[in-house]
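Structure record follows, encoded as structure tokens.
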Amino acid sequence: MLPKKFRLRKNIDFRRIYRSSKSIANQDLVLYIKKNNYSNDTRIGFSISKKLGKANERNLLKRQFREVIRNKIEHLKPGYDLIFIARQKIKGKSYSDVEKSMEFLLVKGRVVNDK
Numbered sequence: 009m010l011p012k013k014f015r016l017r018k019n020i021d022f023r024r025i026y027r028s029s030k031s032i033a034n035q036d037l038v039l040y041i042k043k044n045n046y047s048n049d050t051r052i053g054f055s056i057s058k059k060l061g062k063a064n065e066r067n068l069l070k071r072q073f074r075e076v077i078r079n080k081i082e083h084l085k086p087g088y089d090l091i092f093i094a095r096q097k098i099k100g101k102s103y104s105d106v107e108k109s110m111e112f113l114l115v116k117g118r119v120v121n122d123k
């Protein structure tokens with residue numbers, strides 16, 4: 009489980025990020041990135057449409073997303089708001105495929121600290 013300070017929860021925050029942010033995409037996911045001017049914490053939100061399947065399938069994807077972020081949170085640059093949106097092609101993919109897809113977007117969006 010992600011600590012509360014790293015979560016995006018409010019609808020107004022999601023709308024603000026959708027409206028005025030940079031987006032990066034691959035075949036599985038879309039990542040919206042916006043610089044957060046009022047917090048040093050990077051906050052992350054996930055959006056999974058009902059088109060991706062029943063609740064148990066959507067919940068599995070959310071659990072996979074949260075686990076990837078939990079493992080990568082210390083490598084993310086502080087002060088960003090991120091939203092991951094699942095696309096239809098991610099359905100049925102393994103955890104390692106989801107992890108690779110998310111890592112690719114984080115590196116491409118330059119929100120990962122240099123190691």
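Take the sequence shown: its position 52, counting from 1, is numbered 60 in this note's numbering, and each next residue is one higher. Built from N, CA and C at the ideal position, the CB exists for glycine as well. Keep in mind that this is a model prediction, so the values were computed, not measured.
How many angstroms separate the CA atom of R74 from the CA atom of M9?
For R74 and M9, the distance between alpha carbons rounds to 7 Å.
Please work out which residues of its chain come closer than 7 Å, Cβ to Cβ, to Y103, disregarding the five sequence neighbours upstream and downstream, and give them in chain order.
Correct list, in chain order: Q72.
Just checking, does the segment 24-35 make contact with the segment 57-72 on the three C-beta pairs under 8 Å criterion?
No contact exists between the segment 24-35 and the segment 57-72.
Sort I56, L16, V38 and I25 by Cα distance to M110 and report the nearest one.
Residue V38 is the option with its Cα nearest to M110.
So, using beta-carbon positions, are V120 and L84 closer together than 8 Å?
Yes, the Cβ-Cβ distance between V120 and L84 is below 8 Å.
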